[in-house]
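Taking it in order: structure first as structure tokens, then the write-up.
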Amino acid sequence: MSLSYTSSEGADENLSTLDAGLSFEEVKKSGKKVWNDKLGQIKIESSDEDVLKNFYTAMYHSHMAPFLFSDANGQYRSMDGEVITRIGNNRYSAYSLWDVFRTWFPMMTLIQPQQVSHWIYDLLSQSDEGGLLPKWSLNSNYTGTMVGYPAVAVIADAMKKGLLDSLNKKLLEASVKSSQWQEDFRAKNSGTRAENVMSKQIKYKEELGFVPMDKCKESVSYGLEMAYYDWCISKMAEMLGEEALTQSYSEKSKAYATYFDKETLFMRGKMSDGSWDPDFDPNFSDHLESAFVEGNSWQWTPFVPHDPRGLANLMGGKEAFGQWLDKLFSTTSKVSGENASGDITGLIGQYAHGNEPSHHIPYLYQFTDRPWRTQEVLDFILTSFYTPTPDGIIGNEDCGQMSAWYVMNAIGLYQMTPGDNTFYIGRPIVDRAVLSLENGVFTINVENNSKENKYVQEILLNDTPQKAFSIAYDQIQANSELTVVMGSKKNQ
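For the sequence shown, my numbering assigns the number 253 to the initial residue and increments by one for each residue that follows.
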């Protein structure tokens, strides 16, 4: 039996590519080798059996999507519903871009960089067929699900890392188009889920410089994410020497400050006349109806991954930012509102690990006067919210994002801002990790690792001491070694 999304003939074609002479045991053996190769792209050592089970379960979950959508003969159903043939690059489905741009894609740039470029070109092909970059495409449909235009984040990250060998200019043009109001696309797709790809939030962002809550739902979440995506576009434009575009989108990326209320120290809904939401409550959630997507102001206020120092300045400086984050993790976990989002799970105070907007927050402590708090929070999340049981994940897997977060943080590396090649050193819980790169291996050695020794004491790259809790993407090289020395004392 085989499957095709184009025709019965396509299914027959797919079936014909298999070796019909193989026995069941031989097919099983072949499949086991394929999975061992995938799971072995990162090999770890740990004396804790739970860590081993969690890690390789997470690696398995991280390879569930996107899945192959085209047939063996190159045929697939395009974004405009036509069956077409494309030789040279496959079509994939289930791009959960809003979720996976945060950790899953950055992880794949390390262990599957060539595949990342294929996915990027596939997204561009979808844009060519349908008119815009998708934000959550499924079975060649614009589902219109989630926020903004997250495809630009994975494009910018791949471009920044030098993983794209062609079409950079075209990718930038597609990104710009998806970020600006397209009346024709909206009208063409009126009444379908596709119209939500060109949401009215984009229109107001372009016309007013912010998204008013009396005109659009989920206004603040859209505004914050679009500020980050516009920063991504500015970085692409900068790489391609487009000075005017760089300047324009760099200014747009600062729009996050429009939503920050200095009186309450929270991101807050704003009316079209510039006044604040009169009924503001940072704990309040109204699923699909409020100013925040799948969360509340506690969870969304820290979403400024492209300018954490700017956010710290809005808060009043490093110390004040550290105090705010401490309140986030220690305040009551009560979420107010009769229709609160069911996606708010895995709470530590109001930090919600069960949903993606919170995933970068532990690393914001690196921009405060208490950077060791990153390691404390990560230690709790890694050991409490991931367990080797059927209910072992604290929230929706979301096509591998929840598990990719575990994989990267377990080995101690985390890219907080796709588009910026900085990988932060967190709190590794493995004793050793070996990453298979394209031309060799990168080894992470964790010394003195134990439940008590959760603080990073020293970081060495090829025996050279590092001055910060981070390394750059281009330092993660074949035949190099990162040594992270752990201890029981907090380290500034």
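Ideal Cβ placement from N, Cα and C applies to all residues, glycine included.
**Item:** From Tyr725, Asp726, Glu710, Ser314, residue whose alpha carbon lies closest to that of Lys719
**Value:** The candidate whose alpha carbon is nearest that of Lys719 is Glu710.
**Item:** Cβ shell of Lys741 (< 8 Å), same chain only, five flanking positions each side left out
**Value:** In its chain, beyond the 5 residues on either side, Tyr707, Gln709 have a beta carbon closer than 8 Å to the beta carbon of Lys741.
**Item:** Distance between Asp409 and Trp356 (C-alpha atoms, nearest Å)
**Value:** Trp356 and Asp409 have their C-alpha atoms roughly 12 Å apart.
**Request:** Please confirm whether Asp323 and Gly262 have their CB atoms less than 8 Å apart.
**Result:** With respect to the 8 Å criterion, Asp323 and Gly262 are classified as neighbours on the basis of their beta carbons.
**Prompt:** Which residues share a DSSP beta bridge with Thr674?
**Reply:** Beta bridge pairing from DSSP links Thr674 with Ala724.
**Prompt:** Exposed or buried, which one is Thr361 when buried takes at least 16 other CB atoms within 10 Å?
**Reply:** Here Thr361 is buried. Its C-beta has 16 or more other C-beta atoms within 10 Å.
**Message:** Taking a contact to mean a Cβ-Cβ separation below 8 Å, would you say Gly547 touches Phe532 in this structure?
**Reply:** Result no, Cβ atoms of Gly547 and Phe532 do not sit closer than 8 Å.
**Item:** Rounded straight-line distance, which links the Cα of Gln364 to that of Phe321
**Value:** One C-alpha to the other measures close to 19 Å.
**Asked** Given 8 Å as the limit, is there contact between the segment 677–687 and the segment 364–373, that is, 3 or more CB pairs closer than that?
**Response** No, the segment 677–687 is not in contact with the segment 364–373.
**Request:** Return the CA-CA distance between Ile633 and Val335, expressed in angstroms with no decimal places.
**Result:** So the alpha carbons of these two residues sit roughly 46 Å apart.
**Item:** Beta-bridge pairing of Thr716 - partner residues as DSSP gives them
**Value:** In DSSP, Thr716 forms a bridge with Leu713.
**Candidates Glu447, Glu458, Lys452: closest to Val428 by CA position** = Taking only the C-alpha atoms, the option nearest Val428 is Glu458.
**Endpoints, the alpha helix (DSSP H) within which Thr309 is located** = Start and end: 301–313.
**Whole alpha helix (DSSP H) elements within the segment 402–480, 4-residue minimum** = Secondary structure remark: continuous alpha helix (DSSP H) runs of at least 4 residues inside the segment 402–480, in chain order: 403–412, 420–431, 435–440, 452–460.
**Asked** Just reading off the beta strand (DSSP E) that His690 is part of, what are its end residues?
**Response** Contrary to the premise, residue 690 reads as Glu rather than His in this sequence. Secondary structure note for Glu690: it is in no beta strand (DSSP E), with a DSSP letter that is neither H nor E.
**Asked** Is the segment 683–693 close to the segment 640–653, with three or more CB pairs under 8 Å?
**Response** Touching, no.
**Asked** Can you name, in chain order, every residue of its own chain whose Cβ lies under 7 Å from the Cβ of Lys586, other than the five neighbours on each side?
**Response** The residues Asn535, in chain order, have a CB closer than 7 Å to that of Lys586 in the same chain once the five nearest residues on each side in sequence are set aside.
**Message:** If I follow the unbroken alpha helix (DSSP H) through Arg625, where does it start and stop?
**Reply:** Run containing Arg625: 625–636, per the alpha helix (DSSP H) assignment.
**Asked** What residue from Gly414, Ser549, Gly326 has the CA that sits closest to Leu476's CA?
**Response** Here the closest residue by C-alpha is Ser549.
**Asked** Going by alpha carbons, who is nearest to Ala479 out of Gln366, Ala317, Gly562?
**Response** The shortest C-alpha separation from Ala479 is found at Gly562.
**Request:** Look up Gly739 in the DSSP assignment and say whether it is helix, strand or coil.
**Result:** Here Gly739 sits in strand by DSSP.
**Prompt:** Going straight from the alpha carbon of Gly598 to that of Phe637, what length do you get?
**Reply:** Approximately 7 Å, taken between the alpha carbons.
**Prompt:** Thinking just about the alpha-carbon of each residue, which of Ala426, Ser430, Lys387, Gln551 is nearest to the one in Val472?
**Reply:** Per the Cα distances, Gln551.
**Delimiting residues of the beta strand (DSSP E) encompassing Val335** = Counted as a single uninterrupted DSSP element, the beta strand (DSSP E) harbouring Val335 occupies residues 335–337.
**Message:** For a quick check, are the C-beta atoms of Leu423 and Ile407 less than 8 Å apart?
**Reply:** In contact: Leu423 and Ile407 (Cβ atoms closer than 8 Å).
**C-alpha distance - Asn691 paired with Ala730, whole-angstrom precision** = Rounded to whole angstroms, Asn691 to Ala730 spans 6 Å at the Cα level.
**Rounded C-alpha distance that separates Ala489 from Glu495** = Our two residues, Ala489 and Glu495, have alpha carbons roughly 7 Å apart in a direct line.
**Asked** From Ser502 to Ser268, what distance separates their C-alpha atoms?
**Response** Straight-line spacing of the CA atoms in Ser502 and Ser268 works out to 52 Å.
**Asked** Name the DSSP bridge partner or partners of Ala507?
**Response** Beta-bridge partners assigned by DSSP to Ala507: none are found.
**Message:** How far does the alpha helix (DSSP H) with Gln327 in it extend, from its first residue to its last?
**Reply:** Counting along the chain, Gln327 falls outside any alpha helix (DSSP H), though it belongs to the beta strand (DSSP E) covering 327–329.
**Asked** Mind checking whether Ser431 and Asp482 have CB atoms under 8 Å apart?
**Response** The answer is yes: Cβ separation under 8 Å.
**Asked** Do His605 and Arg354 have their C-beta atoms within less than 8 Å of each other?
**Response** Taking 8 Å as the Cβ cut-off, His605 and Arg354 do not qualify as a contacting pair.
**Prompt:** Quick one, which of Thr395, Met654, Gln434 has its alpha-carbon nearest Thr444's?
**Reply:** With distances taken between Cα atoms, Thr444 lies closest to Thr395.
**Message:** I'd like the list of long-range same chain contacts for Ser330, defined as Cβ closer than 7 Å, with 5 residues on each side in sequence excluded.
**Reply:** Hits under 7 Å: Ile336, Glu381, Ser392.
**Message:** Quick check on the burial criterion: 16 or more other C-beta atoms within 10 angstroms. Buried or exposed for Glu608?
**Reply:** Buried, since its Cβ has 16 or more Cβ neighbours within 10 Å.
**Prompt:** Which whole runs of the beta strand (DSSP E) in the segment 261–299 are 3 residues long or more, in chain order?
**Reply:** Correct list: 294–297.
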